[in-house]
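A.B. asks:
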Amino acid sequence: MARREFLGLTAAGAALAAASTSSSAADSAKPRPNILWLVCEDICPHLGCYGDTYAASPYIDQLAARGSTYLNVWSNAPVCAPARTAIITGMHPQSTGTEHMRSMTRLPGGMRMFPQFLRDAGYYCTNNAKEDYNLAKPGQVWDESSKNAHWKNRRPGQPFFAVFNHEVTHESGIRRRPHTLVHDPAKARVPAYHPDIPEVRHDWAQYYDNITTMDAQIGAKLKELADAGLAEDTIVFFYGDNGCGMPRGKRFPYDSGNHVPLIIHIPDKFRHLAPKDYAPGDKTDRLVSFIDLGPTVLSLAGVKPPDYMHGRAFMGEHEAPPHDYLYGFRGRMDERYDTIRSVRDKRYVYLRNYTPHVPHGQHVRYMFQTPTTAAWKKLYDEGKLTPQQAYFWQTKSPEELYDLQTDPDEVNNLANSPACQDVLHRLRKAQQSLSLEVRDIGFLPEAEIHSRSQGSSPYEVAHDDRRYPLKRIMATAEQASSLKPEALAELKKAFQDTDSAVRYWAAMGVLMRGQRAVESAHAELHKALADESPSVRIVAAHALGQFGSDADL
35 MARREFLGLT
45 AAGAALAAAS
55 TSSSAADSAK
65 PRPNILWLVC
75 EDICPHLGCY
85 GDTYAASPYI
95 DQLAARGSTY
105 LNVWSNAPVC
115 APARTAIITG
125 MHPQSTGTEH
135 MRSMTRLPGG
145 MRMFPQFLRD
155 AGYYCTNNAK
165 EDYNLAKPGQ
175 VWDESSKNAH
185 WKNRRPGQPF
195 FAVFNHEVTH
205 ESGIRRRPHT
215 LVHDPAKARV
225 PAYHPDIPEV
235 RHDWAQYYDN
245 ITTMDAQIGA
255 KLKELADAGL
265 AEDTIVFFYG
275 DNGCGMPRGK
285 RFPYDSGNHV
295 PLIIHIPDKF
305 RHLAPKDYAP
315 GDKTDRLVSF
325 IDLGPTVLSL
335 AGVKPPDYMH
345 GRAFMGEHEA
355 PPHDYLYGFR
365 GRMDERYDTI
375 RSVRDKRYVY
385 LRNYTPHVPH
395 GQHVRYMFQT
405 PTTAAWKKLY
415 DEGKLTPQQA
425 YFWQTKSPEE
435 LYDLQTDPDE
445 VNNLANSPAC
455 QDVLHRLRKA
465 QQSLSLEVRD
475 IGFLPEAEIH
485 SRSQGSSPYE
495 VAHDDRRYPL
505 KRIMATAEQA
515 SSLKPEALAE
525 LKKAFQDTDS
535 AVRYWAAMGV
545 LMRGQRAVES
555 AHAELHKALA
565 DESPSVRIVA
575 AHALGQFGSD
585 ADL
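In this note's numbering, the protein residues as written are 35 to 587.
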């Protein structure tokens, strides 16, 4: 980022804060809505109001009957910390260096978390209680953030923004034993990627049991709001923080990992803030993702969202046009690295696997505590799975394309289908364009995200082409992960590039191609063992150690 641009951003942030405060004073006589977020964890739209007949969710269904149900909502990240970072910033985590699970970075000066703008505008902001951001907080974000945080502690007449998180549906609750099932496991729908075995059916039934428990908690919170006489003054959001906690949901940027429920109720008093097509009990197919939630809350409060936010308000005074595509990703999940970008429109999901040599089902210790995971992997090792069930444990295709209308489980990859090439090219172009547009810094190894941003921030590095020549790096990553044999010659030349990230992807491209490529690039890999970048040295050593000769050890 150029110095002038950075100083402008800082000045803009200060100006916006001042404008928000003065606007609040000027509009103090104008009624403003309270805003209540009821958040749950690790569920897809497995609710009655979304047409799931196995689910028992009466209170959420009642909320949907009085509000609007959003059908196409993505969490951007298929796991909690990066997803919550997208929410709190209104920005794609790939642009702020926060895509990796629990990787602490920071925002540049002038950028803030969206509740800070609400507080400037006079709102009392509370969070009960999960934060889990991948960012250091730039000053005080909440008036209260604890298990005791509540709207009750505000000044008389002060509007509030309150968040309550419900953890009972968290992934860990699926494996909690002993548990007496309420849902009949024999009636559970087993997706095509899972084997139909007792362990899987039990876990799915327990997942739905937890949703029913959570539903009652949501009902209690809505009753508390009504008993306080605040229901007609409060806009209510209900949503899940990322996709389903069952294996191949959470952590994986398919629809199963990113698709979440979102229901919003707007009381009559504030119906003027609703979208034009809002009607109680309606369903909308607008594309929405977590980067949009913060800007939307600001818009409902009468605060203009900052221009630097990627998200678009989908209601309120500053409602913006909808997205054409939703943009998801996977980086490091706990102890395992992967680099995936995904794009979704209203029908298709596209995945670009930049590290196809590792399976989706890498061993993540926490995930393997769920009985389904271990039983599923055991059957794979025994050769007892169908091809659709086995793919999770195998090396990946560079590209995956799924039709959600005909294949909601995302098991029939259409990337090589002649009939789908136009769709493939369109979504591929969308993914590449979005990566460039948001200045996706995830094409750097995680260590280099931190080393290059010493004294500044990942966002500033990402927006400075001298420090991060994204087009060149991304082009090499595309060649490397294509697995095309004819790309090897260009990859060998890329070992000489002045940027270590290009050299990293050159080495990755050789590693991903295996034995013959390592033999062909033997000299380049040996030279890379002395590269100034530890990330390049590690990949070169990996390639030689796995595919080289005894002399390389």
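Every residue, glycine too, gets a C-beta built ideally from N, C-alpha and C. All values derive from a computational prediction rather than experimental measurement.
Give the C-beta separation of T103 and E233 to the nearest angstrom, bearing in mind that I take them to be a contact with Cβ-Cβ under 8 angstroms.
C.D. replies: With a Cβ gap of about 32 angstroms, T103 and E233 do not count as contacting.
A.B. asks: Between the alpha carbons of P340 and L563, how many angstroms are there, rounded?
C.D. replies: Distance between the alpha carbons of P340 and L563 is about 45 angstroms.
A.B. asks: Determine the DSSP secondary structure at D326, reduced to helix, strand or coil.
C.D. replies: helix
A.B. asks: My guess is that N182 and G362 are in contact by the Cβ rule of under 8 angstroms, so how many angstroms apart are they, rounded?
C.D. replies: Not confirmed; about 34 angstroms, so no contact.
A.B. asks: Report all residues from its chain with a CB closer than 7 angstroms to the CB of A170; omit the five preceding and five following residues, and keep chain order.
C.D. replies: Answer for A170: M138 and R140, listed in chain order.
A.B. asks: For A242 and W108, what's the separation of their Cα atoms in angstroms?
C.D. replies: The sequence given here places Tyr at residue 242; Ala does not occur at that position. Cα-Cα distance, rounded: 20 angstroms.
A.B. asks: On a Cα-Cα basis, can you pick out the residue from H394, E480 and G85 that is closest to F286?
C.D. replies: H394
A.B. asks: Give the DSSP bridge partners of I269, in chain order.
C.D. replies: I69
A.B. asks: Which value, in whole angstroms, describes the spacing of the CA atoms of E494 and L215?
C.D. replies: 51 angstroms
A.B. asks: Is Q439 buried or exposed, if buried means 16 or more other CB atoms sit within 10 Å of its CB?
C.D. replies: exposed
A.B. asks: Buried or exposed: K186, going by 16 or more other Cβ atoms within 10 Å of its Cβ?
C.D. replies: exposed
A.B. asks: Based on Cα-Cα distance, which residue from T420, A424 and S451 lies nearest to L435?
C.D. replies: Comparing alpha-carbon positions, the option among T420, A424 and S451 lying closest to L435 turns out to be S451.
A.B. asks: If V197 sits next to W71, beta carbons under 8 angstroms apart, how far is it from one beta carbon to the other, in whole angstroms?
C.D. replies: That belief holds up - the Cβ atoms of V197 and W71 are roughly 4 angstroms apart, short of 8 angstroms.
A.B. asks: With 16 other CB atoms within 10 Å as the buried threshold, where does P127 fall?
C.D. replies: Its Cβ being crowded by 16 or more others within 10 Å, P127 is buried.
A.B. asks: Between the alpha carbons of H236 and P229, how many angstroms are there, rounded?
C.D. replies: In a straight line, the C-alpha of H236 is about 12 angstroms away from that of P229.
A.B. asks: Would you call the region 293-305 and the region 260-273 touching, i.e. three or more CB-CB distances under 8 angstroms?
C.D. replies: yes
A.B. asks: Does the beta-carbon of A557 have 16 or more other beta-carbons within 10 angstroms, so that it is buried, or is it exposed?
C.D. replies: exposed
A.B. asks: Between the Cα of E178 and those of R153, V202, H200 and N168, spot the shortest distance and give me the residue it belongs to.
C.D. replies: R153
A.B. asks: Does the Cβ of G345 have 16 or more other Cβ atoms within 10 Å, making it buried, or fewer, making it exposed?
C.D. replies: buried
A.B. asks: Kindly give me the distance between the Cβ atoms of S376 and Y382, rounded to whole angstroms, as I take these residues to be in contact under 8 angstroms.
C.D. replies: Their Cβ separation, rounded to whole angstroms, is 11 angstroms, which puts S376 and Y382 out of contact at 8 angstroms.
A.B. asks: Note down the Cα distance separating A117 from Q428, rounded to an integer number of angstroms.
C.D. replies: When rounded, the distance between both Cα atoms is 27 angstroms.
A.B. asks: Relative to the C-alpha of H217, which candidate in A481, P79, N244 and R210 has its C-alpha closest?
C.D. replies: That would be N244, whose Cα lies nearest to the Cα of H217.
A.B. asks: Once you ignore the five residues that flank Y88 on each side, which residues in its own chain have a CB closer than 8 angstroms to its CB?
C.D. replies: H80, H217, K221, A222, R223 and Y242
A.B. asks: Give the range of the beta strand (DSSP E) segment to which Y158 is assigned.
C.D. replies: Y158 to N162
A.B. asks: Just to confirm the assignment: which complete beta strand (DSSP E) runs, minimum length 3, are found wholly within the region 387-427?
C.D. replies: Fully enclosed beta strand (DSSP E) runs of 3 or longer: not present.
A.B. asks: Taking the C-alpha atoms as reference points, what is the distance between V536 and A521?
C.D. replies: 14 angstroms
A.B. asks: Helix, strand or coil for Y93? Go by DSSP, reduced to three states.
C.D. replies: helix
A.B. asks: Which residue or residues does DSSP assign as beta-bridge partners of T203?
C.D. replies: Bridge partners of T203: none, in fact.
A.B. asks: Nearest-angstrom Cα distance between L296 and G274?
C.D. replies: Spanning the two alpha carbons is a distance of roughly 7 angstroms.
A.B. asks: Taking contact to mean at least 3 C-beta pairs separated by less than 8 angstroms, is the region 541-559 in contact with the region 567-576?
C.D. replies: yes
A.B. asks: For the beta strand (DSSP E) that contains E434, what are its first and last residues?
C.D. replies: E433 to D437
A.B. asks: For A90, which residues of its own chain have a beta-carbon under 6 angstroms away from its beta-carbon, when the five flanking residues on both sides are left out?
C.D. replies: The answer, listed in chain order, is T246.
A.B. asks: According to DSSP, is C78 part of a helix, a strand, or is it coil?
C.D. replies: The answer is coil: DSSP assigns C78 none of H, G, I, E or B.
A.B. asks: Throw me the rounded Cβ distance for the M172 and R146 pair, which I believe falls under 8 angstroms.
C.D. replies: Strictly speaking, residue 172 in this sequence is Pro, with Met absent from that position. The Cβ separation is near 6 angstroms, so the contact holds.
A.B. asks: Taking the runs of the alpha helix (DSSP H) that are 4 residues or longer, which of them lie wholly in the region 325-361?
C.D. replies: 327-334
A.B. asks: Helix, strand or coil for G274, going by three-state DSSP, please let me know.
C.D. replies: Secondary structure at G274: strand, using DSSP grouped into helix, strand and coil.
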